[in-house]
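At position 191 of the sequence shown the residue is numbered 193 (the working numbering), and the sequence of numbers has no breaks.
In what follows, a single structure is set out as structure tokens and then discussed.
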Amino acid sequence: MSNAHSPRGVDFHCHLDLFPDHAAAIERAEAARIYTLTVTTTPKAWARNHALTRGCRFVRVALGLHPQLVAEREAELALWERYLGETRYVGEVGLDAGPRFYRSFDAQQRVFRAVLERCAEAGGKILTVHSVRSVKIVLDMLEAHLPADRGRIVLHWFTGSRSEARRATELGCYFSVNAEMTRSERGLALLAELPLDRLLTETDGPFTQVAGRPAEPHDVAAAIAGIASTRGLTAEDVTSAVLRNLRALLQANRGYRHMLLREGGAQSPVP
Ligand code: MN
Numbered sequence: 003m004s005n006a007h008s009p010r011g012v013d014f015h016c017h018l019d020l021f022p023d024h025a026a027a028i029e030r031a032e033a034a035r036i037y038t039l040t041v042t043t044t045p046k047a048w049a050r051n052h053a054l055t056r057g058c059r060f061v062r063v064a065l066g067l068h069p070q071l072v073a074e075r076e077a078e079l080a081l082w083e084r085y086l087g088e089t090r091y092v093g094e095v096g097l098d099a100g101p102r103f104y105r106s107f108d109a110q111q112r113v114f115r116a117v118l119e120r121c122a123e124a125g126g127k128i129l130t131v132h133s134v135r136s137v138k139i140v141l142d143m144l145e146a147h148l149p150a151d152r153g154r155i156v157l158h159w160f161t162g163s164r165s166e167a168r169r170a171t172e173l174g175c176y177f178s179v180n181a182e183m184t185r186s187e188r189g190l191a192l193l194a195e196l197p198l199d200r201l202l203t204e205t206d207g208p209f210t211q212v213a214g215r216p217a218e219p220h221d222v223a224a225a226i227a228g229i230a231s232t233r234g235l236t237a238e239d240v241t242s243a244v245l246r247n248l249r250a251l252l253q254a255n256r257g258y259r260h261m262l263l264r265e266g267g268a269q270s271p272v273p
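Structural data, given as structure tokens:
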């Protein structure tokens, strides 16, 4: 069941505004009919991203404040709060306790807590969350500040332990998987722990590569192939599962307030 209005795949975390030609990258995602969530790293990027995707069928923008930028940009939280009513999608947000960013970890937690609290108040948001070296604290904060019926979490490029994966699943999280995650033994062992009905795909382009160039939304085929081979499924099976999961995610807990807002511009292929 496929027609020109239905998506052929899902890239639930990429950065189209970091490609040299932002508008062309959006057009290519539209032409490939990949349901794409393009994230922003600072709320200052929101207005232009939003304007460029207003008429899109398949590309959506998330409003973000990246944990790796919080050291310099904590004050932009006010701007992030100002735009929140304009979108259902939030990201890139989260925590990063890697050595380069650890010094801002207190500030990151202040920002992430505020993000979760504002999303819980608003209801119906979908968040794409970064959790490098901080999965336990991210999950603790989700549990404390964003009840599952007030918002949905997609853990992007998840690198936690298998027990943390189980805990995240119990908390209702989805996982967006990219091809890099299918290229290591550890990644494959972790992937085996994730329930098929919680899997989405992503590229995180331009931060991952395919054939020596930055990955774009249509390159989710590589993630699909990796998931398929670890599970003994066909690429078609995995694609169907991911599209089904996308629909379930988008239909879950749509806040009443959100239903009063128009989400896309053109008719949306899925909610
Ligand atoms: Mn990213």
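Beta carbons: idealized from backbone N, C-alpha and C, even for Gly.
Quick caveat, the model's predicted, so the values are computed rather than measured.
Should F160 be listed as close to the ligand MN, given that the test is whether its C-beta is under 7 Å from any heavy atom? By one-based count along the sequence shown, residue 160 stands at place 158. No - the ligand MN has no heavy atom lying nearer than 7 Å to the Cβ of F160.
When the distance is taken between beta carbons, is L192 closer than 8 Å to Y1? In this structure the chain extends from 3 to 273, so residue 1 is not present and cannot be described.
Is it the case that the stretch 166–177 contacts the stretch 214–231, given that we only count it when at least three CB pairs across the two stretches are under 8 Å? Counting C-beta pairs closer than 8 Å gives fewer than three between the stretch 214–231 and the stretch 166–177, which falls short of the contact rule.
Give the straight-line distance between the Cα atoms of A237 and A230, rounded to the nearest whole angstrom. By 1-based counting over the sequence shown, the position of residue 237 is 235. By 1-based counting over the sequence shown, the position of residue 230 is 228. Straight-line spacing of the CA atoms in A237 and A230 works out to 6 Å.
I need the DSSP call for F14, collapsed to helix, strand or coil. One-based indexing of the sequence shown puts residue 14 at position 12. Strand at F14.
Going by alpha carbons, who is nearest to R135 out of H7, F209, L157, L54? Along the sequence shown, read from residue 1 onward, the residue named residue 135 stands at position 133. For R135, the closest alpha carbon among the candidates H7, F209, L157, L54 is that of L157.
With a 10 Å radius around its C-beta and 16 neighbouring C-beta atoms as the bar for buried, classify H15 as buried or exposed. Position 13 of the sequence shown, counted from the start, is the residue given in the question as residue 15. Buried is the call here.
Within this structure, are the beta carbons of L67 and V41 separated by less than 8 Å? Taking the first residue of the sequence shown as position 1, residue 67 is located at position 65. Taking the first residue of the sequence shown as position 1, residue 41 is located at position 39. No, the pair does not count as a contact, with Cβ atoms beyond the cut-off.
How is the beta strand (DSSP E) around F21 delimited, first residue to last? The residue you call residue 21 lines up with position 19 of the sequence shown. Neither: F21 is in no beta strand (DSSP E) and is coded neither H nor E.
I want to check one thing, is the minimum distance from the CB of E88 to the heavy atoms of the ligand MN below 7 Å? Counting from one through the sequence shown, the residue named residue 88 turns up at place 86. Checking every heavy atom of the ligand MN against the Cβ of E88, none is found closer than 7 Å.
Can you tell me whether DSSP reads V222 as helix, strand or coil? Taking the first residue of the sequence shown as position 1, residue 222 is located at position 220. When DSSP states are grouped into helix, strand and coil, V222 belongs to the helix group.
Got a sec: does the ligand MN put a non-hydrogen atom nearer than 7 Å to the Cβ of E94? If you number the sequence shown from 1, residue 94 lands on position 92. Distance from the C-beta of E94 to the nearest heavy atom of the ligand MN is below 7 Å.
Going by DSSP, what residue range makes up the alpha helix (DSSP H) through R169? What you label residue 169 is simply residue 167 of the sequence shown in a count that begins at 1. In the DSSP annotation of this structure, the continuous segment of the alpha helix (DSSP H) that includes R169 starts and ends at 164–172.
Runs of alpha helix (DSSP H) wholly within the stretch 209–253 (minimum 4 residues, chain order): Correct list: 222–233, 237–253.
My output table needs one value for A268: the three-state DSSP class, helix, strand or coil. Counting from 1 along the sequence shown, the entry for residue 268 is found at position 266. Because the pLDDT of A268 is 42, which lies under 50, any placement of that residue in the model is unreliable, and the question is left without a value.
So V110 and P69 are supposed to be a Cβ contact under 8 Å. How far apart are they, rounded? For this step, residue 110 is matched to residue 108 along the sequence shown. For this step, residue 69 is matched to residue 67 along the sequence shown. For the record, residue 110 in the displayed sequence is Gln; it is not Val. Under the criterion of beta carbons closer than 8 Å, Q110 and P69 qualify as touching, at roughly 5 Å.
Any 3 or more C-beta pairs closer than 8 Å across the stretch 129–144 and the stretch 91–108: Judged by Cβ distances under 8 Å, the stretch 129–144 makes contact with the stretch 91–108, as three or more pairs qualify.
Beta carbon of V41: closer than 7 Å to some heavy atom of the ligand MN? Here the question's residue 41 lines up with position 39 in the sequence shown. Because some heavy atom of the ligand MN lies under 7 Å away, the Cβ of V41 counts as near it: yes.
Taking Cβ to Cβ, would you say D13 is nearer than 8 Å to T203? Locating residue 13 in the sequence shown gives position 11, where the first residue counts as 1. Locating residue 203 in the sequence shown gives position 201, where the first residue counts as 1. Closer than 8 Å, so yes.
Which residues mark the beginning and the end of the beta strand (DSSP E) in which G153 is found? Numbered from 1 along the sequence shown, position 151 holds the residue referred to as residue 153. Taken as a continuous stretch (DSSP letters only), the beta strand (DSSP E) holding G153 covers 153–158.
Smallest Cα separation from E218: which of H7, S165, I28? Residue numbering aside, residue 218 sits at position 216 when the sequence shown is read from its first letter. It is I28 whose Cα lies nearest to the Cα of E218.
Which residues in the same chain as A213 place their Cβ atom closer than 6 Å to its Cβ, once the five residues preceding and following it in sequence are excluded? The residue labelled residue 213 in the question sits at position 211 within the sequence shown. Answer for A213: no residue qualifies.
Here's the rule I'm using: 16 or more other beta-carbon atoms within 10 Å means buried, otherwise exposed. How should E187 be labelled? For the purposes of this step, residue 187 is taken as the residue at position 185 of the sequence shown. It is exposed - the Cβ of E187 has fewer than 16 other Cβ atoms within 10 Å.
Evaluate N5 with the Cβ neighbour count: other Cβ atoms within 10 Å of its Cβ, from every protein chain shown; 16 or more gives buried, anything less gives exposed. Counting from one through the sequence shown, the residue named residue 5 turns up at place 3. Label assigned to N5: exposed.
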